[in-house]
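As they're listed, the protein sequences go chains X and B.
Per this note's numbering, the very first residue in the first sequence carries number 1; after that it's consecutive.
Per this note's numbering, the very first residue in the second sequence carries number 252; after that it's consecutive.
Ideal Cβ positions, reconstructed from N, Cα and C, are used throughout, including at glycine.
A short worksheet on the structure shown next.
There are 2 protein chains.
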Amino acid sequence: MSTIVADGATAGGPARLPPIGAAPGPGLRLRTIPEATVARLTAYLRVLDRCAMVGAELRGDGTISSDELAGLVGVNPAKLRKDLSYLGSHGTRGVGYDAAALRSTLQQALGAHETYPVAVVGVGHLGSALAAYPGFPARGFPVRALFDTDPLKIGRPVAGITVSDIREAALVCRREDVVIGVIATPEPAAQRVADVLVAAGVRSILGFAPGQLTVPADVEVRRVDLALELQLLAFHEIRRGDVAAPRQAVP
Amino acid sequence: MSTIVADGATAGGPARLPPIGAAPGPGLRLRTIPEATVARLTAYLRVLDRCAMVGAELRGDGTISSDELAGLVGVNPAKLRKDLSYLGSHGTRGVGYDAAALRSTLQQALGAHETYPVAVVGVGHLGSALAAYPGFPARGFPVRALFDTDPLKIGRPVAGITVSDIREAALVCRREDVVIGVIATPEPAAQRVADVLVAAGVRSILGFAPGQLTVPADVEVRRVDLALELQLLAFHEIRRGDVAAPRQAVP
DNA sequence: GTGACTTTGTGCCCGGGTTCACAAGTGACT
DNA sequence: AGTCACTTGTGAACCCGGGCACAAAGTCAC
């Protein structure tokens, strides 16, 4: 995040208009929403989805208060309200939020109403797992293309998708309307793959290889470093062991 | 930053400060190193490792300046120096850092000299991939145990490790000295698995299931939500497409 | 209609992370 | 020995997200 590109937080404060003709309410002005807030918004939406699925509104009238929703998600109620206020807040004071309307607003803001085809590059263990990961299509991210360089893998189906030659990335990505590219290759190939994806028109990349990727400024890169997560846990373990008993079992 | 940790309500969040100056740990000279800094320290160490491996010091005398190292990692030189200052800074003014000594210091601080056995729970696609992920053992995190509930999987080897019954978690974790648990199960089972791991003595957990996990206060939890990463990329995609309307809004 | 209660929206403060800029220390060169 | 170029270490300003608390606003009861 901070290591790769200076995130394109367009200078100034250009407000933005609703994507499509949002019929109800006045124009909701969307400022630059903090990333942490966007992450939580998805959590709110997920909880609301689950409530709607079960049909179990918290109340009979289909409203939910910030306290209740915050409790379900596990965040501070004030934070939730502030998060929602970025969207123009359509809550009703004294009552709460209309669950259905809030859900619709969140879907609109997060683009949850449409799908974003994904391509996975590198059909190793990790790539195959990602291709079969049910959480992706469930949240609007169907994996529509797999790429590799191994002739033994090209042409064979993995998780229901035929693996393509990475050299055909541009063609396949265009055909499948790929919007997001996922790099699951060994580290040495990651930069090369990123270049290929960018050349194929992909402007959003999720990389699993450690190390930095250099891409044009208009390409958004996110990195997930699995080993780093363990390393951070290990660091807390060290600190903990340092404070307590290093090797001793019980004093 | 990197991933989003949204479960501040329950478990070990970013920092748990005592409300008042209750003087918790009197003599803990443990300088509280910011998490972001720890993450970068590992990046520095990795780059130094690679340099040492290649034998290509930037200079003949085995020193490296903050500018050079920062350039290799892709961060601001001042940030790098401040990061290193948390460790007590063993650099030499006018010269730079002794690469070997710095590497040793980082290894010591990050605990990179020892290994932290890992257990993976949930031997599905993702769990299998994690069990075989070469980046884990390469950075000191050997996967020593696999757990599942499926009788068809229990007893069979995956990535060279025999899958154990989750009910034997306590036994196996103790035997293998497991320090870190990784939850790669479907969402509904995640909380149950977390409870089992905690009962087995694991105090560091990496979860891949969305949704919050509630654990005792002394257990450190990190979450990696793969679909969330895509969602954040999609949000930038929306914003980007929306910019098409360069309308001025309220002042 | 009025009063009391509930809940939202948000101004304000705070703590932490990032960046700048500069003093201080070190080796090299004359 | 003296000077100078170079690099580290860090104090201070800035920016941003989180949390508290309160006023505004709406509902319900009568």
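Does DSSP put residue i in a helix, in a strand, or in coil?
i        : result
X/Gly27  : Low per-residue confidence applies at X/Gly27: pLDDT is 35, beneath 50, and the placement is therefore not dependable, though the value from the model is reported in the following sentence. Coil.
X/Gly181 : strand
X/Gly94  : coil
B/Gly492 : helix
X/Arg222 : strand
B/Arg426 : helix
X/Ala234 : helix
B/Gly325 : coil
X/Ile33  : coil
B/Pro408 : strand
X/Gly140 : coil
X/Leu213 : coil
X/Ala145 : strand
B/Ser316 : coil
B/Leu457 : strand
X/Ile165 : Note that residue 165 of chain X corresponds to Asp in the displayed sequence, not to Ile. Three-state result, X/Asp165: strand.
X/Gln248 : Note that X/Gln248 has pLDDT 40, beneath the 50 cutoff, so the model's placement of it is unreliable and the number below is only indicative. Of the three classes helix, strand and coil, the one that applies to X/Gln248 here is coil, per DSSP.
X/Val54  : helix
B/Ala369 : The residue you asked about is not Ala; residue 369 of chain B is Val in the sequence shown. Note: B/Val369 maps to strand in three-state DSSP.
X/Pro252 : With chain X covering only 1 through 251, there is no way to say anything about residue 252 of chain X.
B/Ala273 : A caution first: B/Ala273 carries a pLDDT of 30, below 50, which makes its placement in the model too unreliable to give a value.
X/Asp83  : helix
List the residues of chain B whose Cβ lies closer than 9 Å to the Cβ of residue i, in chain order.
i        : result
X/Val179 : Leu484, Ala485 and Glu488
X/Ala194 : What X/Ala194 touches in chain B: nothing, since even the nearest Cβ is about 14 Å away.
X/Val118 : Leu481
Output, in chain order, the set of chain B residues within a Cβ distance shorter than 8 Å of residue i.
i        : result
X/Gln212 : Val324 and Gly325
X/Ser128 : His376 and Ala380
Against residue i, what residues of chain X qualify as contacts under a CB-to-CB distance less than 7 Å, listed in chain order?
i        : result
B/Thr293 : Leu228 and Gln231
B/Ser455 : Leu233, His236 and Glu237
I think residue i touches residue j, with their Cβ atoms under 8 Å apart; what is that distance to the nearest whole Å?
i        : j        : result
B/Ala363 : B/Val433 : In fact, because the Cβ distance is near 19 Å, the residues do not count as touching under 8 Å.
B/Gly492 : B/Thr436 : Going by Cβ atoms, the distance from B/Gly492 to B/Thr436 rounds to 36 Å, so no, they are not a contact pair.
X/Arg259 : X/Ser66  : As displayed, chain X neither begins before 1 nor continues past 251, which places residue 259 of chain X out of reach and without an answer.
X/Leu106 : X/Leu41  : 6 Å
B/Ile431 : B/Tyr367 : 6 Å
X/Glu35  : B/Leu484 : Not confirmed; about 11 Å, so no contact.
B/Ile412 : B/Ala382 : 6 Å
B/Ala451 : B/Ala421 : 4 Å
X/Phe136 : B/Leu457 : Not a contact, Cβ separation roughly 19 Å.
B/Ala290 : B/Val324 : Not quite, the Cβ-Cβ distance comes to about 11 Å (not below 8 Å), so this is no contact.
From the options, pick the residue whose C-alpha is nearest to that of residue i; which is it?
i        : options                                   : result
X/Asp225 : X/Leu84, X/Gln212, X/Pro151 and X/Asp165  : X/Gln212
B/Ala351 : B/Ile315, B/Val423 and B/Val453           : B/Ile315
X/Gly124 : X/Glu237, X/Arg175, X/Lys153 and X/Thr42  : X/Lys153
B/Val453 : B/Thr400, B/Arg426, B/Asp312 and B/Leu338 : B/Arg426
B/Asp312 : B/Arg443, B/Ala329, B/Asp349 and B/Thr400 : B/Asp349
B/His341 : B/Leu323, B/Ala360 and B/Val449           : B/Ala360
X/Val172 : X/Gln191, X/Pro151 and X/Leu197           : X/Leu197
X/Ala209 : X/Pro134, X/Leu126, X/Val143 and X/Pro151 : X/Leu126
B/Ser355 : B/Glu438, B/Arg297 and B/Val409           : B/Arg297
X/Pro216 : X/Ala52, X/Arg223, X/Phe235 and X/Asp195  : X/Asp195
Kindly list, in the order they appear in chain X, the residues whose Cβ is closer than 9 Å to that of residue i.
i        : result
B/Val372 : Result: empty, since nearest Cβ-Cβ is about 15 Å, beyond 9 Å.
B/Pro297 : The displayed chain sequence assigns Arg, not Pro, to residue 297 of chain B. Those within 9 Å of B/Arg297 in chain X are Pro210 and Gly211.
If the cut is a Cβ gap below 7 Å, which residues of chain B does residue i touch?
i        : result
X/Glu68  : The premise fails here: X/Glu68 is roughly 14 Å from chain B at the closest Cβ pair, so nothing lies under 7 Å.
X/Arg253 : The structure shown does not extend to residue 253 of chain X, since chain X is modelled only from 1 to 251, so the question has no answer here.
Closer than 8 Å: is that where the CB of residue i sits relative to any heavy atom of the ligand HEM?
i        : result
B/Lys333 : Within the structure as shown, the ligand HEM is missing, as the structure has no ligands at all.
Closer than 9 Å between beta carbons: that is the criterion. Which residues of the segment 127-153 of chain X meet it against chain B?
Gly127, Ser128, Ala129, Leu130, Ala131, Ala132, Tyr133, Pro134, Gly135, Phe136, Ala138, Arg139, Gly140 and Phe141
Using Cβ-Cβ distances below 7 Å, what residues of the segment 345-366 of chain B are close to chain X?
Leu361 and Gly362
With 7 Å as the C-beta to C-beta threshold (strictly closer), list the residues of the segment 407-434 of chain B near chain X in chain order.
Val430 and Ile431
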